[in-house]
Amino acid sequence: MLFNELYDQWLDLYKQKVKQKTYDNTVSAFENHILPIFGTLEVEEITSLYVLEAMQELSHKSIYLTNRLLQQIVRIYNFGRVLGYVKHNPAMGITEFLPSVKHINHPHLHFSQFQSFVKYLDATKESTAKDALFMIVYTSLRLSEVICSEWSEIDFKNKRWTIPAHRMKTGVEHTIPISKPMRLILRRLQKKKKNNYIFFNERNANEHVPAHRVRYLIERSRFYGKQTIHGIRHVFSTYANDQRYNADVIEAQLSHKQKGVRAVYNKSIYLDDRRKMMEHWGRKIDSFRLNS
0 MLFNELYDQW
10 LDLYKQKVKQ
20 KTYDNTVSAF
30 ENHILPIFGT
40 LEVEEITSLY
50 VLEAMQELSH
60 KSIYLTNRLL
70 QQIVRIYNFG
80 RVLGYVKHNP
90 AMGITEFLPS
100 VKHINHPHLH
110 FSQFQSFVKY
120 LDATKESTAK
130 DALFMIVYTS
140 LRLSEVICSE
150 WSEIDFKNKR
160 WTIPAHRMKT
170 GVEHTIPISK
180 PMRLILRRLQ
190 KKKKNNYIFF
200 NERNANEHVP
210 AHRVRYLIER
220 SRFYGKQTIH
230 GIRHVFSTYA
240 NDQRYNADVI
250 EAQLSHKQKG
260 VRAVYNKSIY
270 LDDRRKMMEH
280 WGRKIDSFRL
290 NS
């Protein structure tokens, strides 16, 4: 049996257990990094040394991605053992020979330095990736929640953006107010609409802008290692807390799950309060852009 064939069988089972977004990301990662190397090889002929060398090469690009894919290869071979296709799992024990993943609290600038980041971004060449990153700044949404967004989620009349549960990390539908700066971005993109995605891929009309193009705006800059996309949420949260906004209002905007007794009784999404807060935040960010 070829690795491709075992992978396809495992994929049918995997699809039933994970969200569509997770499934799509896994398929994309395997098609780009694993199948070109392992795909046409017999599963019993793939040795631990072969897996190790392939993973070491991939780790130069991304140790996080390497570890994630290695875990999936382990699962694929475990699946194959249960079905009797293979006797051994060559991916077992490889992790200890790879660089460890450094867990850090998403780097982010102090708010006094964030103005420089906004000015840098404002000066970059116009692109859908730039619009997506600015939308993250204005909303504090997660990267995937922005780039996978569709026009059907936008309600211009009521100034609301409702993200369905299956696209949220929390698995709960999330509604956010559309502030003036957000509306300007959306209206401009609406005029260039190519498909159902708000942030379309400029190289492929049927897809949304790839995550790596948005990340690249930071990776190529002097802010690399100092400010991450997820860290933008930290900057916003710190600023909003310093401005004495209600903690529940801030957490609702960030779509954080509440825990304990409070989660049972507090079902409010604070949309009106969040609208005021996000208009305030939007004006602050725009003041940085005007001064650039």
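Heads up, the sequence shown is in numbering that gives the first Met the number 0, so the first residue is 0 and it goes up one at a time.
All C-beta atoms in this analysis are idealised placements derived from N, C-alpha and C, irrespective of residue type, glycine included.
For the beta strand (DSSP E) that Pro176 lies in, which residues bound it at each end? His173 to Pro176
Considering only the beta carbon of each residue, do Cys147 and His211 sit closer than 7 Å? no
Could you give the DSSP three-state label for Glu206: helix, strand or coil? strand
Met0 classed as buried or exposed, judged by whether at least 16 other C-beta atoms fall within 10 angstroms: exposed
Decide if Ser178 is buried, meaning its Cβ has at least 16 other Cβ atoms within 10 Å, or exposed. buried
Which same chain residues end up closer than 8 Å to Glu30 when comparing Cβ atoms and leaving out the 5 residues on each side of it in sequence? none
Could you check the C-alpha separation between Phe199 and Val85 for me, to the nearest Å? 43 Å
Nearest-angstrom Cβ-Cβ length linking Leu132 and Leu216, presumed shorter than 8 Å: 6 Å
Alpha carbon of Lys16 to alpha carbon of Leu10, nearest angstrom: 10 Å
Going by C-alpha to C-alpha distance, which of Asn245, Thr138 and Leu289 sits closest to Arg232? Thr138
Please determine, among Leu120, Ile45, Arg288 and Asn203, the residue with the shortest C-alpha to C-alpha distance to Pro89. Ile45
By Cβ distance below 7 Å, which residues in the same chain neighbour Met54 in space, the five residues on each side in sequence not counted? Thr65, Leu69, Ile93 and Leu97
Ignore the nearest five residues each way along the sequence and tell me which others in Gly79's own chain have a CB closer than 7 Å to its CB. Leu5, Val42 and Val85
Through-space distance from Ile284 to Thr123, alpha-carbon basis: 16 Å
Under 8 Å by Cβ, that's how I've got Gln252 and Ile175 pegged, so tell me the actual separation to the nearest angstrom. 7 Å
One question on the structure: do Tyr119 and Ser220 come within less than 7 Å of each other, judged by their Cβ atoms? yes
Count the other CB atoms, across all protein chains shown, that sit within 10 Å of the CB of Phe37; report buried if there are 16 or more and exposed otherwise. buried
Restricting to Cα atoms, I'd like to know which of Gln242, Arg274, Gly230 and Tyr49 is closest to Tyr182. Before going on, a small fix: residue 182 reads as Arg here, not Tyr. The shortest C-alpha separation from Arg182 is found at Arg274.
Outcome for Asn265 when other beta-carbon atoms lying within 10 angstroms are tallied against a minimum of 16: Any reading at Asn265 must be qualified, since the residue scores a pLDDT of 44, below 50, and its modelled position is unreliable; no value is offered.
My output table needs one value for Asn3: the three-state DSSP class, helix, strand or coil. helix
Spatial distance of Asn205 from Asn24 (CA atoms): 17 Å
Which residue's Cα is closest to the Cα of Leu57: Asn194, His32 and Tyr76? His32
On the DSSP letters alone, give me the boundaries of the alpha helix (DSSP H) that Trp160 sits inside. Segment Arg159 to Ile162 is the beta strand (DSSP E) holding Trp160; no alpha helix (DSSP H) there.
Proximity below 7 Å, CB of Ile249 to CB of Ser236: yes
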